[in-house]
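Visitor: With positions in the sequence shown counted from 1, the corresponding number in our numbering is that position plus 25. Just so you know, even glycine gets a beta-carbon here, dropped at the ideal spot from N, CA and C.
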Amino acid sequence: MNRDQTTGLAAAARASVLGQAARRLSEVLQDTAYAFAPAAWRWAYPKFEASNAADAVKFFDEHGWVIFRNVFDGEEIRSFRQAVENIHQNAYAGDLLSSGDLGGRRLVFDRRILDIARCILRDTPSYFGDSTASADVGAMGFHKDNPDREDVSAPDWRSPYTVIRMGVYLQDHESHSGGLAVRDGSHLAVHRNRGRPLAIPTRTGDVVVWSLRTTHSGYAARLRALPNVFVPVPVVKMLGSSAFAGRGVLSRVFRPLELDRRLALFVTFGIGDGHQARYLSYLQTRHYAVAKWQATDYDPHVFDDAKACDVKLVRMGEEVSTIDVSKLHREHVELPR
Ligand SMILES: O=C(O)CCC(=O)C(=O)O
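Below, the structure is given as structure tokens:
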């Protein structure tokens, strides 16, 4: 590499760092303005009963997210918490459907989970091994999960999006920090900073669903005095986990997590259409997804059960068995069209 090229690369790196800092600053300014708009304080967060499908679907279509209340009872949530701890202790690397602790109808094929997926997708749900038990880590920082995040003319944005994620947060986030944040209505805009930011108030037992096009982040913070005022994510990120620890000076400002460990379950469903196919192509470029598929093995009876539960089950393991995961992306890279 000659000197001109080295200088060019250094200048490009500097411009990219400056560009990122500018984007972060504009996010903080924009979200601070949202936080001080009185309308944001009065916003009533609707929650839906699973029986109220029509209203839930309408809300989801408009907002890009929806909460179903009281899907699981306290005993089930306690057993989910134990299962997540076991999965982590055993370092189980496969998906949840194939796991000993949360396999089969315990979560992914649970009737209530599939009813919600069917209701939001308005079609037979398709499951392809994208599910996780998360403990103490979350994606903090607003992002989308669909493949096309920059170009509104790319395939993800040409028709209504049909890949959804469901989150079961295994502690309260109505009065406590650490839950999901979304940008309201952001499933309709490719730009990452579009849409009012909201801390989603799931209670223990609720299920939240969002479109993979919806901009979201883990670890929303709640202020002690004004719990419904949204704290910009870059600010929380800067403060780090001490913001939620319930100790020290920050504990006078922020509400802590409800429990020591922040646990959550995530499951993704599509309907086997072009959006799902593109998402699967995209996941084949991602290290975490292929590593999970390679560690997943379904017993033959799981396919019978899928039929009985009216869900399409896509086995990705064989298709990705020869991929060298060390060559895959650890971060998002746009998928070529
Ligand atoms: O940890 C969280 O709350 C967010 C998880 C997330 O970003 C995702 O599942 O896409």
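1. Is it right to say Ser51 is buried, meaning 16 or more other beta carbons lie within 10 angstroms of its own, or is it exposed?
2. Three or more C-beta pairs closer than 8 angstroms, one from the stretch 185-192 and one from the stretch 130-144: is that the case here?
3. Take Ala75 as the anchor and find which of Trp68, His201, Glu101 and Gly230 has the nearest alpha-carbon.
4. Please classify Val82: does DSSP put it in a helix, a strand, or coil?
5. For the stretch 168-212, which segments carrying the beta strand (DSSP E) assignment without a break, of at least 3 residues, lie completely within its bounds, in sequence order?
6. Tell me, to the nearest whole angstrom, how far the beta carbon of Arg106 is from that of Leu288; I am working on the premise that it is less than 8 angstroms.
7. Verify the contact flag: Val181, CB atom, against every heavy atom of ligand 1, threshold strictly below 8 angstroms.
8. Taking 6 angstroms as the limit, name every residue whose beta carbon sits nearer than that to some heavy atom of ligand 1, in sequence order.
9. Between which two residues does the beta strand (DSSP E) harbouring Ile92 extend?
10. Hey, out of Ala331, Ala36 and Lys83, whose CA is closest to Ile145's CA?
11. Mapping the DSSP letters down to three states, classify Leu282 as helix, strand or coil.
12. Would you tell me roughly how many angstroms separate the C-alpha atoms of Glu100 and Leu195, rounded to the nearest one?
13. Among Gly342, Thr149 and Ala64, which one has its Cα closest to the Cα of Ala333?
14. Give a yes or no on whether the minimum CB-CB distance between Asn253 and chain B is below 9 angstroms.
15. Can you say whether Lys352 is buried or exposed, counting buried as having 16 or more other CB atoms within 10 angstroms of its CB?
16. Can you give the Cα-Cα distance for Gln15 and Val315, rounded to whole angstroms?
17. Relative to the C-alpha of Tyr323, which residue among Leu122, Asp176, Arg221 and Val96 is closest?
18. Measure the C-alpha to C-alpha separation of Ser260 and Ala268 and round it to an integer number of angstroms.
19. To the nearest whole angstrom, what separates the beta carbons of Trp90 and Val233, a pair I think is in contact under 8 angstroms?
20. For Phe73, which of helix, strand or coil comes out of DSSP?
21. Under a Cβ-count criterion, where at least 16 other Cβ atoms within 10 Å of its own Cβ denotes burial, should Ala245 be classed as buried or exposed?
Guide: Quick look at the numbers:
1. Position 26 of the sequence shown, counted from the start, is the residue given in the question as residue 51. It counts as exposed.
2. yes
3. In the sequence shown, counting from the first residue as 1, residue 75 sits at position 50. Checking every option, the nearest Cα to that of Ala75 belongs to Gly230.
4. Within the sequence shown, numbered from 1, the residue matching residue 82 stands at position 57. Reduced to three states, the DSSP call for Val82 is helix.
5. 189-194 and 204-208
6. Here residue 106 refers to the residue found at position 81 of the sequence shown. Here residue 288 refers to the residue found at position 263 of the sequence shown. Confirmed, about 6 angstroms.
7. Translated into the one-based positions of the sequence shown, residue 181 becomes position 156. Looking at the sequence provided, one finds Asp at residue 181 rather than Val. False, no ligand heavy atom lies under 8 angstroms from that Cβ.
8. Ser159, Gly163, Ala164, Asp170, Arg190, Leu205, His241, Gly243, Ala289 and Phe291
9. Residue numbering aside, residue 92 sits at position 67 when the sequence shown is read from its first letter. Counting along the chain, the beta strand (DSSP E) containing Ile92 begins and ends at Trp90 to Phe93.
10. Locating residue 145 in the sequence shown gives position 120, where the first residue counts as 1. Measuring from the Cα of Ile145, the nearest candidate turns out to be Lys83.
11. The residue you call residue 282 lines up with position 257 of the sequence shown. The answer is coil: DSSP assigns Leu282 none of H, G, I, E or B.
12. Numbered from 1 along the sequence shown, position 75 holds the residue referred to as residue 100. Numbered from 1 along the sequence shown, position 170 holds the residue referred to as residue 195. For Glu100 and Leu195, the distance between alpha carbons rounds to 11 angstroms.
13. Residue mapping note: residue 333 aligns to position 308 of the sequence shown, counting from 1. Ranking Gly342, Thr149 and Ala64 by Cα distance to Ala333 puts Thr149 first.
14. Although the question refers to chain B, the structure presented lacks it and comprises just one protein chain.
15. In the sequence shown, the residue the question calls residue 352 occupies position 327. With fewer than 16 other Cβ atoms within 10 Å, it is exposed.
16. The shown model of the chain, from 26 to 362, leaves out residue 15, and the question about it has no answer.
17. Walking along the sequence shown from the start, residue 323 turns up at place 298. The shortest Cα separation from Tyr323 among Leu122, Asp176, Arg221 and Val96 belongs to Leu122.
18. Position 235 of the sequence shown, counted from the start, is the residue given in the question as residue 260. Position 243 of the sequence shown, counted from the start, is the residue given in the question as residue 268. Reading the sequence as shown, one finds Val at residue 260 and not Ser. Those two C-alpha atoms are separated by around 10 angstroms.
19. As a working note, residue 90 is residue 65 in the sequence shown. As a working note, residue 233 is residue 208 in the sequence shown. Trp90 to Val233, Cβ: 6 angstroms. Contact.
20. Position 48 of the sequence shown, counted from the start, is the residue given in the question as residue 73. Looking at Phe73 - three-state DSSP - the assignment turns out to be strand.
21. For this step, residue 245 is matched to residue 220 along the sequence shown. By the 10 Å Cβ count, Ala245 comes out buried.
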